[in-house]
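Residue numbers (my numbering): 9 to 418.
Set out below in structure tokens:
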């Protein structure tokens with residue numbers, strides 16, 4: 009794997025830390041600003057919505073400059089947003105800071121996925137994407153727990169200041185290690201938009217929304233769930249997030265390994281198991297050991313879907329993948345926003361802190377259903393293809409990245 013993937017992983021580490029660390033600090037932030045836990049959950053929803061809308065917006069704005077330069081600009085925006093959160097005098101200002109930081113998220117992972125895939129051979133694309141996303145998952149093993157510990161010990165504002173410093177490290181890493189890749193010739197905005205006419209691209213994005221939404225339905229409210237239901241002390245939230253992060257790392261690596269071999273079967277297994285585990289979490293959340301195991305499983309099963317879903321979008325939109333890739337990152341966060349909002353609703357309705365787990369199970373089951381629909385449509389399209397022709401969205405194999413791009417342009 010090229011060294012440039014390390015630079016992308018460093019940026020992903022900083023972004024992953026700021027995205028997930030807020031979940032372990034919701035009680036502290038809510039108490040400091042004098043708002044309820046569901047209201048503080050808007051910091052998760054607002055960030056996710058910012059990613060969803062910022063992904064296509066920032067990607068379109070960046071079509072006139074090189075991908076490397078755009079990645080650097082996005083990290084600058086990320087730094088500004090986290091500094092604003094760190095010094096926010098009122099809740100509304102912190103929410104604005106979260107949204108500003110989130111604008112960099114979707115485009116960074118979207119453009120970064122394309123860059124990572126272009127750096128390797130076609131049969132290594134999912135592995136390269138997974139390598140970049142390793143920074144995001146490792147953030148949940150190192151960055152998020154340490155950020156939570158710092159926030160609970162010396163104040164959550166210090167956590168966001170440290171996250172801004174991580175952004176600076178990521179910016180330097182990209183400047184030093186990511187090469188200036190040539191821009192794809194002949195690709196215009198209308199070509200990028202044309203990818204959204206492909207039903208398989210839209211189905212993959214819908215699976216992303218529902219599948220990853222299932223994860224966030226439970227994890228957004230992990231701190232109050234574990235302290236009020238399972239009986240953990242406040243300080244235990246840190247190592248519980250470590251377990252979640254370890255699960256994410258393992259799931260991401262497994263997803264990257266097998267997505268290049270058996271993409272759809274991997275989605276069937278991971279989404280189906282995720283729905284079952286989330287449903288069981290309503291019961292296991294009452295037992296400390298079982299709750300800890302379940303949290304790790306949710307992380308593993310949830311992130312096992314990331315490389316295959318991102319690769320599927322890239323495959324189906326292979327002629328002009330940048331915008332579709334970024335929008336799919338937005339789809340992950342649309343799922344986060346939807347599930348955080350729905351989870352807050354069921355808690356506010358008095359159904360208890362475990363109720364979001366039922367929401368998550370339903371969302372994951374919906375994603376599994378869409379996976380079966382997508383596969384059925386693909387089989388039907390294949391049966392109607394003339395012998396010897398490539399199926400729609402097929403990727404040219406056995407070629408170098410440059411040869412692949414040339415073949416696609418033809």
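C-beta atoms are modelled at their ideal positions from N, C-alpha and C, and glycine is treated no differently.
Treat the numbers as computed from the prediction; the structure is a model and nothing was measured.
Nearest-angstrom Cβ-Cβ length linking residue i and residue j, presumed shorter than 8 Å
i, j, result
"residue 113", "residue 62", "7 Å"
"residue 107", "residue 54", "5 Å"
"residue 359", "residue 336", "At roughly 32 Å, the Cβ-Cβ gap does not stay under 8 Å, so residue 359 and residue 336 are not in contact."
"residue 120", "residue 16", "5 Å"
"residue 322", "residue 133", "7 Å"
"residue 367", "residue 382", "Not quite, the Cβ-Cβ distance comes to about 23 Å (not below 8 Å), so this is no contact."
"residue 59", "residue 110", "5 Å"
"residue 10", "residue 85", "With a Cβ gap of about 25 Å, residue 10 and residue 85 do not count as contacting."
"residue 232", "residue 45", "6 Å"
"residue 250", "residue 149", "6 Å"
"residue 237", "residue 362", "6 Å"
"residue 279", "residue 375", "5 Å"
Reduced DSSP secondary structure (H/G/I, E/B, other) of residue i
i, result
"residue 150", "helix"
"residue 44", "coil"
"residue 11", "coil"
"residue 67", "helix"
"residue 74", "coil"
"residue 228", "coil"
"residue 362", "coil"
"residue 206", "coil"
"residue 186", "coil"
"residue 169", "helix"
"residue 348", "helix"
"residue 16", "helix"
"residue 240", "coil"
"residue 389", "helix"
"residue 338", "helix"
"residue 56", "helix"
"residue 325", "coil"
"residue 222", "helix"
"residue 163", "coil"
"residue 39", "helix"
"residue 49", "coil"
"residue 372", "helix"
"residue 356", "helix"
"residue 396", "Below a pLDDT of 50, predicted positions are generally treated as unreliable, and residue 396, at 45, falls in that range; the measurement from the model is reported next regardless. Note: residue 396 maps to coil in three-state DSSP."
"residue 25", "helix"
"residue 201", "helix"
Checklist entry - Along the chain, which unbroken stretches of the alpha helix (DSSP H) at least 4 residues long are found entirely within the stretch 77 to 160? => result 99 to 126 and 133 to 146
Checklist entry - Can you list the alpha helix (DSSP H) stretches of 4 or more residues lying completely in the stretch 252 to 322, in chain order? => result 271 to 292 and 296 to 311
Checklist entry - For the 8 Å Cβ check, are there 3 or more pairs between the stretch 336 to 344 and the stretch 169 to 179? => result no
Checklist entry - Between the stretch 279 to 297 and the stretch 249 to 268, are three or more C-beta pairs nearer than 8 Å? => result no
Checklist entry - Does the count of Cβ pairs from the stretch 77 to 87 and the stretch 155 to 168 closer than 8 Å reach three? => result no
Checklist entry - Contact between the stretch 150 to 159 and the stretch 276 to 288: three or more CB pairs below 8 Å? => result no
Checklist entry - With contact counted as at least three CB pairs below 8 Å, one residue from each stretch, are the stretch 223 to 240 and the stretch 301 to 318 in contact? => result yes
Checklist entry - Touching or not, the stretch 362 to 371 and the stretch 212 to 222, by the rule of three or more beta carbon pairs under 8 Å? => result yes
Item to check | Touching by the beta-carbon criterion (3+ pairs, under 8 Å), the stretch 174 to 183 and the stretch 18 to 25 | outcome: yes
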